[in-house]
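Participant: Here it is, the structure, as structure tokens.
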Amino acid sequence: MSKLYNPFILSDGNKPSCMQMLQLILDGEASHEQEAYFKSHMDQCSPCFKSYSLDIKIKELLKTRCCGESAPTELIEQIKMQISQNATS
Amino acid sequence: MEETIKQHYPEKEKNEIFNNEFLPHISSMYNFGYRLTLDRDDAKDLVQDTYLKAYRFIESFQKGTNAKAWLFRILKNSFINDYRKKTKEPSKVDYQEVEAYYNSEDVDRQITPDLRVESLKDMIGDEISNALNSLDVDFRTVIILCDLEGFKYEEMAKILDIPIGTVRSRLHRARNLLKEKLSEYAKSMGYKNTEL
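Those sequence lines, one after another, are chains A and B. Numbered per the numbering used here, the first sequence finishes at 89, counting up by one with no gaps. Numbered per the numbering used here, the second sequence finishes at 1196, counting up by one with no gaps.
So this is what it looks like as structure tokens:
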């Protein structure tokens, strides 16, 4: 069935590579139709399946390990103070 | 972006926009500033400068639109125009080469076949953060915007002033470079045979 219609095919007729399809899926940029196609494609494409698992894990690690630090409270105070000073001057 | 139509806000409304739409993003902005400069004091200066500019140009912002993307764009421009000019050498990345690569047959070739999910599970320290910080700032930026902050390609294109196709190709290359770095860490941690 999946060979009949590929919703990733571009208007110029070119078919994106596995990695290009995977990136759209990973970043939530694919349509529902493309997502469904890619799911069935992964069942037959072992490199895609492995890359998908790896890329999801890296994305998750980036989010949990590289975010979450709050801005220093004194920074917020400094900004507010500067703005009120500028407003009165 | 949103700055095309000039707004007219009374003073009270300006403060409301600033407090309710701009300030809630300050931790994301601080993180972005830190990941660009890799220095917490520089990040504070950059964020402060960005917020002061945002207030000064608040009439270029349309209330209720995407404040986060607007602020990120100002911070990115401040970084390039004020900070990077003073402190860092210009970008060495050849984007034409990147684009050519992305559109070539080679794009499906796995650059880093030796990284596995299992090896990532032991990276409980600063490996991911260090790998990200080691990337060239332009590659680092697209990963920050996409993976850390969850911006869509279209928003990233506006923040960075580049076409969506370039966002995609830069992101693809950035992720491969990140995986190469993580593979090095995995090897140093004892994952010898890490074939997929």
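Beta carbons: idealized from backbone N, C-alpha and C, even for Gly.
Kindly indicate which three-state DSSP category phenylalanine 8 of chain A falls into: helix, strand or coil?
Facilitator: As a position in the first sequence, residue 8 of chain A is number 8, starting the count at 1. DSSP places phenylalanine 8 of chain A in coil when its eight states are reduced to three.
Participant: Nearest-angstrom Cα distance between lysine 1014 of chain B and valine 1167 of chain B?
Facilitator: Position 14 of the second sequence, counted from the first residue, corresponds to residue 1014 of chain B. Position 167 of the second sequence, counted from the first residue, corresponds to residue 1167 of chain B. Approximately 33 Å between the Cα atoms of the pair.
Participant: Shorter than 8 Å from the beta carbon of glutamine 34 of chain A to some beta carbon of chain B?
Facilitator: For the purposes of this step, residue 34 of chain A is identified with residue 34 of the first sequence, where counting begins at 1. Cβ-Cβ to chain B under 8 Å: no for glutamine 34 of chain A.
Participant: Just the chain A side, please: which residues come within less than 8 Å of tyrosine 1055 of chain B by C-beta, in chain order?
Facilitator: As a first step, residue 1055 of chain B must be located in the second sequence, where it is residue number 55. Per Cβ cutoff of 8 Å: Ile83 and Asn86.
Participant: What residues from chain A crowd round glutamine 1007 of chain B, counting only those whose CB sits closer than 9 Å?
Facilitator: Numbered from 1 along the second sequence, position 7 holds the residue referred to as residue 1007 of chain B. What glutamine 1007 of chain B touches in chain A: nothing, since even the nearest Cβ is about 18 Å away.
Participant: Measure from the C-beta of glutamate 69 of chain A to each C-beta in chain B and report whether the shortest distance is under 8 Å.
Facilitator: One-based indexing of the first sequence puts residue 69 of chain A at position 69. Yes, glutamate 69 of chain A counts as interfacial toward chain B.
Participant: Would you say serine 11 of chain A faces chain B, with C-beta separation under 8 Å as the test?
Facilitator: Looking up residue 11 of chain A in the first sequence gives position 11. Closer than 8 Å: no.
Participant: Let me confirm a value: serine 17 of chain A is counted as buried when at least 16 other C-beta atoms fall within 10 Å, else exposed. Which label applies?
Facilitator: Indexing the first sequence from 1 puts residue 17 of chain A at position 17. Under this definition serine 17 of chain A is a buried residue.
Participant: For histidine 32 of chain A and glutamine 85 of chain A, what's the separation of their Cα atoms in angstroms?
Facilitator: Indexing the first sequence from 1 puts residue 32 of chain A at position 32. Indexing the first sequence from 1 puts residue 85 of chain A at position 85. Rounded to whole angstroms, histidine 32 of chain A to glutamine 85 of chain A spans 51 Å at the Cα level.
Participant: How many Å lie between phenylalanine 1022 of chain B and tyrosine 1051 of chain B at the Cα?
Facilitator: In the second sequence, the residue the question calls residue 1022 of chain B occupies position 22. In the second sequence, the residue the question calls residue 1051 of chain B occupies position 51. Looking at the two C-alpha atoms, the distance is approximately 8 Å.
Participant: Rounding to the nearest angstrom, what Cα-Cα distance links phenylalanine 1032 of chain B and isoleucine 1005 of chain B in this structure?
Facilitator: Sequence index remark: in the second sequence, residue 1032 of chain B carries index 32 (1-based). Sequence index remark: in the second sequence, residue 1005 of chain B carries index 5 (1-based). Approximately 27 Å, taken between the alpha carbons.
Participant: Under 8 Å between the Cβ atoms of valine 1047 of chain B and leucine 75 of chain A?
Facilitator: As a position in the second sequence, residue 1047 of chain B is number 47, starting the count at 1. As a position in the first sequence, residue 75 of chain A is number 75, starting the count at 1. It is a contact, given that the beta carbons lie within the stated cut-off.
Participant: Would you mind reading off the limits of the alpha helix (DSSP H) that contains isoleucine 56 of chain A?
Facilitator: The residue you call residue 56 of chain A lines up with position 56 of the first sequence. From DSSP, the alpha helix (DSSP H) with isoleucine 56 of chain A extends over 46-65.
Participant: Considering just the uninterrupted stretch of the alpha helix (DSSP H) at tyrosine 1009 of chain B, what are its terminal residues?
Facilitator: Translated into the one-based positions of the second sequence, residue 1009 of chain B becomes position 9. Careful: tyrosine 1009 of chain B lies outside any alpha helix (DSSP H) and carries neither H nor E.
Participant: Which whole runs of the alpha helix (DSSP H) in the segment 1155-1190 of chain B are 4 residues long or more, in chain order?
Facilitator: As far as the segment 1155-1190 of chain B is concerned, its whole alpha helix (DSSP H) runs of at least 4 residues are 1164-1188.
Participant: Answer with yes or no whether the minimum CB distance from serine 31 of chain A to chain B is below 8 Å.
Facilitator: By one-based count along the first sequence, residue 31 of chain A stands at place 31. With 8 Å as the cut-off, serine 31 of chain A does not count as an interface residue toward chain B.
Participant: Per the contact definition of three or more C-beta pairs closer than 8 Å, is the segment 1163-1178 of chain B in contact with the segment 1120-1140 of chain B?
Facilitator: With a cut-off of 8 Å, the segment 1163-1178 of chain B and the segment 1120-1140 of chain B count as touching, because enough Cβ pairs lie within range.
Participant: Taking only three categories from DSSP, how would you classify asparagine 14 of chain A?
Facilitator: Along the first sequence, one-based indexing puts residue 14 of chain A at 14. Residue state, collapsed to three classes: coil.
Participant: Roughly how many angstroms lie between the CA atoms of methionine 1001 of chain B and glutamate 1059 of chain B, to the nearest whole one?
Facilitator: Position 1 of the second sequence, counted from the first residue, corresponds to residue 1001 of chain B. Position 59 of the second sequence, counted from the first residue, corresponds to residue 1059 of chain B. Low confidence applies here, because methionine 1001 of chain B scores a pLDDT of 47, under 50, leaving its location unreliable and the question unanswered by this model.
Participant: In this structure, how does DSSP classify phenylalanine 1151 of chain B when only helix, strand and coil are distinguished?
Facilitator: Taking the second sequence and counting its residues from 1, one reaches residue 1151 of chain B at position 151. In the structure shown, phenylalanine 1151 of chain B sits in coil (DSSP, three-state: anything other than H, G, I, E or B).
Participant: Which residue from B/Ala1043, B/Asp1122, B/Ile1026 and B/Tyr1055 puts its Cα closest to that of proline 1010 of chain B?
Facilitator: To locate residue 1010 of chain B, count along the second sequence from 1; it is residue 10. Ranking B/Ala1043, B/Asp1122, B/Ile1026 and B/Tyr1055 by Cα distance to proline 1010 of chain B puts B/Tyr1055 first.
Participant: For isoleucine 76 of chain A, name the three-state secondary structure that DSSP assigns.
Facilitator: Working through the first sequence from its first residue, we reach residue 76 of chain A at position 76. DSSP places isoleucine 76 of chain A in helix when its eight states are reduced to three.
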